[in-house]
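A short worksheet on the structure shown next.
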Amino acid sequence: AQSVTQLDSQVPVFEEAPVELRCNYSSSVSVYLFWYVQYPNQGLQLLLKYLSGSTLVESINGFEAEFNKSQTSFHLRKPSVHISDTAEYFCAVTWMDSSYKLIFGSGTRLLVRP
Amino acid sequence: DTAVSQTPKYLVTQMGNDKSIKCEQNLGHDTMYWYKQDSKKFLKIMFSYNNKELIINETVPNRFSPKSPDKAHLNLHINSLELGDSAVYFCASQGRVNTEAFFGQGTRLTVV
């Protein structure tokens, strides 16, 4: 069965420290990969995506994620976090088969402390 | 103009009632989804429609019935509401499978 795993339910970190949020997925076929962010009481917004090409993708606010096919991972990183990065982060995957299915991981709450 | 809009934003109702949530997208997308987000923030796919056709029904109780009158709308009707139906329901639309999905702001359903 297709699944997306985010092992860390919560990641506390101090402001200006680096952070990595982990995402792994099951795969026997190629995939499209996404990271979404959800701020309190809001909907989901796309943070970044991997479709093809360079395995390292970046967002406009300093986040990056690297597609690792052999490890079936798409971890999200930021070298220096801000208080405003506190939010819920979701990894999502679409498998390149005939199904129209965007599957989400269980989410990781990033809690940035001053 | 909001790309994906859901109404209502909040819905409080009693057990046993029937209620509907509406979703509209103005992006010209072919695919629309309903997701349920529980209290632990887990996002579970419920339904997916492509060009008004049901593509995915993820073992959702029969009390939930989606309806897509046209490509731009995907409504969710829920019969005989139960306490466990309390959650935030998100509608989303997607143009092609390799593009991002756009989400509505969610409908917070509380069953009392």
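Line by line, the protein sequences give chains H and B.
Position 40 (the first sequence) corresponds to 60 in this note's numbering; numbering is contiguous.
Position 107 (the second sequence) corresponds to 133 in this note's numbering; numbering is contiguous.
Here a beta-carbon is modelled for each residue, glycine too, at the ideal position from N, C-alpha and C.
Practice problem: Compare the beta carbon distance of A113/B and Q32/B with 7 Å and say whether it is the shorter of the two. | Solution: no
Quiz item: Would A113/B count as contacting chain H if we go by Cβ distances under 7 Å?
Solution: no
Exercise. For K98/H, collect the residues of the same chain with a Cβ closer than 6 Å to its Cβ; drop the 5 residues on either side in sequence, then sort them by chain order.
Key: Here the set comprises V39, G82 and F83.
Quiz prompt | Neighbouring residues, chain H, relative to N124/B (Cβ below 9 Å) | solution = Residues of chain H passing the Cβ test: Y52, K69, L71, S72, T114 and M116.
Exercise. Could you tell me which of E84/B, V86/B, F128/B and L80/B sits nearest to K93/B, measuring between CA atoms?
Key: The residue with the shortest Cα to Cα distance from K93/B is L80/B.
Practice problem: Using DSSP bridges, identify the partner residues of F90/B. | Solution: DSSP lists I104/B as partners of F90/B.
Exercise. Return the first residue and the last residue of the beta strand (DSSP E) that V137/B is part of.
Key: It spans T133 to V137 - the beta strand (DSSP E) in which V137/B sits, taken as one unbroken run.
Practice problem: Indicate whether the contact test is met: 3 or more Cβ pairs, each with one atom in the region 41 to 51 of chain B and one in the region 64 to 73 of chain B, closer than 8 Å. | Solution: no
Practice problem: Examine chain H for any beta-carbon lying closer than 7 Å to the beta-carbon of G54/B, and answer yes or no. | Solution: no
Quiz item: Should the region 85 to 98 of chain H be called in touch with the region 41 to 56 of chain H, which here means at least 3 C-beta pairs below 8 Å?
Solution: The region 85 to 98 of chain H, when compared against the region 41 to 56 of chain H, does touch it at the 8 Å Cβ threshold.
Quiz prompt | Exposure of F116/B, with buried meaning 16 or more beta-carbon neighbours within 10 Å | solution = buried
Quiz item: Who are the near neighbours of E84/B in its chain, counting only those whose CB is closer than 8 Å to its CB and skipping five residues on each side?
Solution: Non-local C-beta neighbours of E84/B in its own chain, meaning closer than 8 Å and more than five positions away in sequence, comprise K70, I71, M72 and F73, ordered along the chain.
Self-check item: Residue-chain proximity (S23/H, chain B), Cβ-Cβ < 7 Å
Solution: no
Practice problem: To the nearest angstrom, report how far apart V24/H and L102/B are at their CA atoms. | Solution: 26 Å
Quiz item: Using the rule of at least 16 other Cβ atoms within 10 Å of the residue's Cβ for burial, across every protein chain shown, is S29/H buried or exposed?
Solution: exposed
Practice problem: Using three-state DSSP, classify S90/H as helix, strand or coil. | Solution: coil
Quiz item: Hey, how far is the Cα of V113/H from the Cα of S126/H?
Solution: Each residue's alpha carbon lies about 12 Å from the other.
Quiz item: Where does the unbroken beta strand (DSSP E) through V101/H begin, and where does it stop?
Solution: Here V101/H belongs to no beta strand (DSSP E), and DSSP marks it neither H nor E.
Self-check item: C-beta atoms of T107/B and C49/B nearer than 7 Å
Solution: Checking the sequence, you will find Leu at residue 107/B rather than Thr. No.
Quiz item: For a contact meaning CB atoms closer than 7 Å, what does L100/B contact in chain H?
Solution: Residues of chain H passing the Cβ test: none, with the nearest at roughly 13 Å.
Practice problem: Check whether the Cβ of K67/B lies closer than 7 Å to any Cβ atom in chain H. | Solution: yes
Quiz item: Between the C-alpha atoms of Q120/B and H55/B, what's the straight-line distance to the nearest angstrom?
Solution: Put simply, the backbone Cα of Q120/B is about 6 Å away from that of H55/B.
Quiz item: Are V57/H and I103/H closer than 7 Å when you measure CB to CB?
Solution: I103/H is positioned such that its CB atom lies no closer than 7 Å to that of V57/H.
Quiz item: Just checking my contact of L66/H with E126/B at CB under 8 Å: how many whole Å lie between their CB atoms?
Solution: 4 Å
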